[in-house]
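Student: Handing you this structure, nothing more for now.
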């Protein structure tokens, strides 16, 4: 099948925005005054008219180009990013998809909304391996108020599995209110979620939200030392709502907050989770949930 020939108007507008035409007009704009100066007899009015026509054509071409094409901001300072190669891969992917809302990424900060959050989360996980970012580690802190929400994010979970299968390490911290930990239904959902993530090769930990400072109780995922995804408004099951920010600069402060809660030794988040499980899981398995006993355990965490 032969391709449709462009209309005269289409050919004219294409020529108007042509880089070649712009170059020719720019050269002509420089040559015309020089020729006028070199020639003894020159009509000044004609020279001004030619100059005016050149300027109008260039302005029209510039206006048409801005109206027709998406203008992508360039990176202000690539070296300012904590991991330039990782950042550049993410930026290139987003620009290739021509998503105009991502124009602000040139500043090293990006805001995403609703259904774009899980998709971008998957991209950020995959890029850790693709860019060879160091360390090959992901730190994830989740303000867990509904454990079942995380089980439905299939693409993100699959990306986590691929990451651990190639040798990456994921530490996931569940930050939970004490009152929720004492509820049987919540405990069953939480421990099922923990089991799912352990099957992915994820190291899991627990922190009681009531005992953390405000700056520690943050929903954040740190990808190597390259990016931090901060969830500012919790998404629902289908991610019809939710708002997050991605930072490519100052990632260390988010990693520091995570590590201050994760801890080390006997008081570390994995040990706290083990202590909770030691009481909650046998009662759940046996169907002998004891509110008084679990409340005592939660109080001691």
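Numbering (our numbering), first residue to last: 2 to 302.
Where is the CB? At the ideal position from N, CA and C, for every residue including glycine.
1) Taking the alpha helix (DSSP H) that residue 227 falls in, what are its first and last residues?
2) Report buried or exposed for residue 292, applying the criterion of at least 16 other Cβ atoms within 10 angstroms of its Cβ.
3) Can you give the Cα-Cα distance for residue 104 and residue 228, rounded to whole angstroms?
4) Going straight from the alpha carbon of residue 215 to that of residue 143, what length do you get?
5) Taking contact to mean at least 3 C-beta pairs separated by less than 8 angstroms, is the stretch 244-255 in contact with the stretch 110-118?
6) Out of 298, 203, 149, 128, which one is the CA nearest neighbour of residue 88?
7) So for residue 172, helix, strand or coil by DSSP?
8) From this set, 233, 82, 283, 135, which residue's C-alpha is nearest residue 185's C-alpha?
9) Just how far apart, CA to CA, sit residue 57 and residue 134?
10) Count the other CB atoms, across all protein chains shown, that sit within 10 Å of the CB of residue 181; report buried if there are 16 or more and exposed otherwise.
11) Tell me which residue opens and which closes the alpha helix (DSSP H) that residue 297 is part of.
12) CA-CA distance, residue 295 and residue 188?
13) Relative to the C-alpha of residue 212, which candidate in 233, 279, 270, 203 has its C-alpha closest?
14) Apply the 10 Å Cβ neighbour rule to residue 166 and answer buried if 16 or more other Cβ atoms are within range, or exposed otherwise.
15) Assign residue 143 to one of three DSSP states: helix, strand, or coil.
16) Do you know how far the Cα of residue 84 is from the Cα of residue 124?
17) Run through DSSP, which three-state label would residue 104 get?
18) Can you tell which of 80, 141, 225, 132 has the C-alpha that lies nearest to the C-alpha of residue 232?
19) Is residue 145 near residue 113, with beta carbons less than 8 angstroms apart?
20) Report the CB separation of residue 148 from residue 194 in whole angstroms; it is logged as a contact under 8 angstroms.
Tutor: Let me spell this out:
1) The residue labelled residue 227 in the question sits at position 226 within the chain shown. Per DSSP, residue 227 belongs to no alpha helix (DSSP H) and is neither H nor E.
2) To locate residue 292, count along the chain shown from 1; it is residue 291. By the neighbour-count rule (16 or more Cβ atoms within 10 Å), residue 292 is not buried but exposed.
3) Taking the chain shown and counting its residues from 1, one reaches residue 104 at position 103. Taking the chain shown and counting its residues from 1, one reaches residue 228 at position 227. At residue 104, the pLDDT of 49 sits below 50, so the modelled position is not reliable; the number obtained from the coordinates is stated separately. If I take the Cα positions, the gap works out to 17 angstroms.
4) One-based indexing of the chain shown puts residue 215 at position 214. One-based indexing of the chain shown puts residue 143 at position 142. Cα to Cα, residue 215 sits roughly 14 angstroms from residue 143.
5) yes
6) Against the chain shown, residue 88 aligns to sequence position 87. Of the candidates 298, 203, 149, 128, the one whose C-alpha sits nearest the C-alpha of residue 88 is 128.
7) To locate residue 172, count along the chain shown from 1; it is residue 171. Correct three-state label for residue 172: strand.
8) Counted from its first residue, the chain shown places residue 185 at position 184. Checking every option, the nearest Cα to that of residue 185 belongs to 283.
9) Residue mapping note: residue 57 aligns to position 56 of the chain shown, counting from 1. Residue mapping note: residue 134 aligns to position 133 of the chain shown, counting from 1. The straight-line gap from Cα to Cα measures roughly 49 angstroms.
10) Here residue 181 corresponds to residue number 180 of the chain shown, with the count starting at 1. Under this definition residue 181 is a buried residue.
11) Counting from 1 along the chain shown, the entry for residue 297 is found at position 296. Its alpha helix (DSSP H) spans residues 292-301.
12) Numbered from 1 along the chain shown, position 294 holds the residue referred to as residue 295. Numbered from 1 along the chain shown, position 187 holds the residue referred to as residue 188. Looking at the two C-alpha atoms, the distance is approximately 10 angstroms.
13) For the purposes of this step, residue 212 is taken as residue 211 along the chain shown, with counting starting at 1. Of the listed residues, the one whose Cα sits closest to residue 212 is 270.
14) Walking along the chain shown from the start, residue 166 turns up at place 165. Burial call: exposed.
15) In the chain shown, counting from the first residue as 1, residue 143 sits at position 142. Strand, per DSSP.
16) The residue labelled residue 124 in the question sits at position 123 within the chain shown. The residue labelled residue 84 in the question sits at position 83 within the chain shown. Taking the straight line from one Cα to the other gives about 16 angstroms.
17) As a position in the chain shown, residue 104 is number 103, starting the count at 1. With a pLDDT of 49 at residue 104, under the threshold of 50, the modelled position of this residue cannot be trusted; read the value that follows with caution. Residue 104: helix per DSSP, three-state reduction.
18) Counting from 1 along the chain shown, the entry for residue 232 is found at position 231. That would be 141, whose Cα lies nearest to the Cα of residue 232.
19) By 1-based counting over the chain shown, the position of residue 145 is 144. By 1-based counting over the chain shown, the position of residue 113 is 112. Their beta carbons are not under 8 angstroms apart, which means residue 145 does not touch residue 113 by this criterion.
20) Counted from its first residue, the chain shown places residue 148 at position 147. Counted from its first residue, the chain shown places residue 194 at position 193. Indeed they touch by this definition, with Cβ atoms about 4 angstroms apart.
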